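In this note's numbering, the protein residues as written are 1 to 127.
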């Protein structure tokens, strides 16, 4: 498939009207009219995908420079190039999990609990 740029057509043109205009000179696969994101109004240019380079060249020869509702059409062929490779994220291994080592108390050490009457005061909360 070959991409074709078409510009200079009236702002009120629809995808169907563009296809009807270009389809006389070759097979059109897809049409994308570029519109303003906020208003949805056509910006006056579009991209078409043609079936073959010959079809695209036929459309360029027939329609380029043609006047349409007081505006001059501009058509350009953009031959298909390989898409740029997607940037790969560098491989980062997962951080090592902490190694927990169970430590046993020596035989002579005994854990001492606090006496029942002694309570450790709590910290005040931050406001």
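For glycine and all other residues, C-beta sits at the position ideal for the given N, C-alpha and C. Treat the numbers as computed from the prediction; the structure is a model and nothing was measured.
Quiz item: Any chance the region 44 to 53 sits against the region 6 to 20, with 3 or more Cβ pairs inside 8 Å?
Solution: Yes, the region 44 to 53 is in contact with the region 6 to 20.
Margin query: Using DSSP's beta-bridge definition, name the partner residues of residue 50.
Written below: According to DSSP, residue 50 bridges with 2 and 28.
Quick check: residue 25 and residue 62, are their CB atoms within less than 7 Å of each other? Cβ atoms of residue 25 and residue 62: closer than 7 Å.
With 16 other Cβ atoms within 10 Å as the buried cut-off, status of residue 127 | The residue is exposed, with fewer than 16 neighbouring Cβ atoms inside 10 Å.
Helix or strand or just coil, what does DSSP make of residue 78? Per DSSP, reduced to three states, the secondary structure at residue 78 is strand.
Q. Which two residues bound the contiguous alpha helix (DSSP H) that contains residue 15?
A. Where residue 15 is concerned, the enclosing alpha helix (DSSP H) stretches over 15 to 22.
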